[in-house]
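Which chain is which? The protein sequence lines are G and W, in order.
Residue numbering for the first sequence follows the numbering used here, starting at 10 and increasing by one per position.
Residue numbering for the second sequence follows the numbering used here, starting at 10 and increasing by one per position.
2 protein chains.
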Amino acid sequence: MAADGASSGQGCCAPLETLPLDPAHATNMAKMFKALGDPVRLRLLSLITAHPDGEVCVCDLTSLFDVAAPTISYHLKLLREAGLVEHDRRGTWVYYRPVRERLRQLSALLAAPDMAEAAR
Amino acid sequence: MAADGASSGQGCCAPLETLPLDPAHATNMAKMFKALGDPVRLRLLSLITAHPDGEVCVCDLTSLFDVAAPTISYHLKLLREAGLVEHDRRGTWVYYRPVRERLRQLSALLAAPDMAEAAR
DNA sequence: CTATAGGTTAGACAAGTGTCAAAATAGAGG
DNA sequence: CCTCTATTTTGACACTTGTCTAACCTATAG
């Protein structure tokens, strides 16, 4: 029974419906949600997360947006700092992939208890 | 089978892992995530959502925070405008309750497909 | 070593955000 | 009507954010 109960098996917080968030955790989680709170970043994360290879080259991302390359870079950095994506360089190219654990954490926080239990 | 497939049964978008978000939806969803991207608002939502009565009086919220009443009011307004909470007045008091459908939408977007399926 | 292409960093700037104090609104109860 | 309490609105202000251009790294290819 180590994976159930208040921790909800997600490594961070019980779902909102179950328990109010204490201020410290709220600050933590808010930082991640904030990173998702911009259309460019949300699309970036979406493209990175949905990619069949499990990672995406920045070179394939920039052309999909209306903003300049440094702006993409800026948004990717924010996603990184929020812990939502990881990156590494391979030759000239840089690849980004999602940190799925973090996404699961956020999802679990917002999930209704019955959903969370069903997904246990 | 009306509730499965690409719509993921959540009334909005398929999970990130399944499908990249189109720009229009991304803007929509980003607006909601943005509302969660502040510690005060996240705690407010948490308190509102976790309350056993299913709703909370503003008068019970303000004392739990370090910020002045107008600031709480401001944050509640943002949560309202994001569609995450509803409110109504009863006498002198105003009560807020969560819009659980929206929370489920956000949760589903971030959920890994296997979780989403488990919760189907 | 130089040139070239992919990404990031630095600096600047307009626009947006979170906070407060003061004023305004909405009901309840004289 | 007047007053009191709960909540919201307004206006002001410092701080943060998203965007750009220009400059800078880093690795590959001559």
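For glycine and all other residues, C-beta sits at the position ideal for the given N, C-alpha and C.
Under 8 angstroms, with one C-beta from each stretch per pair, do the segment 35-50 of chain W and the segment 84-94 of chain W reach the 3-pair mark?
In short, these stretches touch, since the Cβ pair count reaches three.
With DSSP as the reference, identify every bridge partner of histidine 96 of chain G, one or two as the case may be.
Counting from one through the first sequence, the residue named residue 96 of chain G turns up at place 87. Beta-bridge pairing links histidine 96 of chain G to G:Tyr105.
Pairwise C-alpha distance: cysteine 66 of chain G and isoleucine 81 of chain G:
Numbered from 1 along the first sequence, position 72 holds the residue referred to as residue 81 of chain G. Numbered from 1 along the first sequence, position 57 holds the residue referred to as residue 66 of chain G. About 12 angstroms.
In terms of residues, what are the limits of the alpha helix (DSSP H) holding phenylalanine 4 of chain W?
Residue 4 of chain W falls outside the range modelled here, since chain W spans only 10 to 129, and no answer is possible.
State the CB to CB distance for the pair arginine 111 of chain W and leucine 93 of chain W, rounded to an integer number of angstroms; the pair is presumed to be in contact (CB under 8 angstroms).
Reading the second sequence from its first residue, position 102 is the one you call residue 111 of chain W. Reading the second sequence from its first residue, position 84 is the one you call residue 93 of chain W. So it is a contact: roughly 5 angstroms between Cβ atoms.
Assuming contact is defined by CB atoms lying nearer than 9 angstroms, are alanine 35 of chain W and proline 48 of chain G in contact in what I supplied?
Along the second sequence, one-based indexing puts residue 35 of chain W at 26. Along the first sequence, one-based indexing puts residue 48 of chain G at 39. Yes, these two residues count as a Cβ contact at 9 angstroms.
Beta carbon of alanine 59 of chain G, beta carbon of leucine 25 of chain W: below 9 angstroms?
Taking the first residue of the first sequence as position 1, residue 59 of chain G is located at position 50. Taking the first residue of the second sequence as position 1, residue 25 of chain W is located at position 16. Contact flag set, yes.
State the Cα-Cα distance for the pair cysteine 68 of chain W and alanine 120 of chain G, rounded to the nearest angstrom.
Counted from its first residue, the second sequence places residue 68 of chain W at position 59. Counted from its first residue, the first sequence places residue 120 of chain G at position 111. One C-alpha to the other measures close to 27 angstroms.
Here's the rule: buried if 16 or more other CB atoms are within 10 angstroms of the residue's CB, otherwise exposed. What is serine 72 of chain W?
Position 63 of the second sequence, counted from the first residue, corresponds to residue 72 of chain W. By the neighbour-count rule (16 or more Cβ atoms within 10 Å), serine 72 of chain W is not buried but exposed.
Could you tell me whether the Cβ of aspartate 47 of chain W comes closer than 9 angstroms to any Cβ of chain G?
Position 38 of the second sequence, counting from 1, holds the residue named residue 47 of chain W. Aspartate 47 of chain W counts as touching chain G.
Taking all protein chains shown into account, decide if proline 29 of chain G is buried (16 or more other Cβ within 10 angstroms of its Cβ) or exposed.
Counting from one through the first sequence, the residue named residue 29 of chain G turns up at place 20. Result: buried.
Enclosing alpha helix (DSSP H) for serine 55 of chain G [first to last residue]
Here residue 55 of chain G corresponds to residue number 46 of the first sequence, with the count starting at 1. Note, serine 55 of chain G: alpha helix (DSSP H), 48-59.
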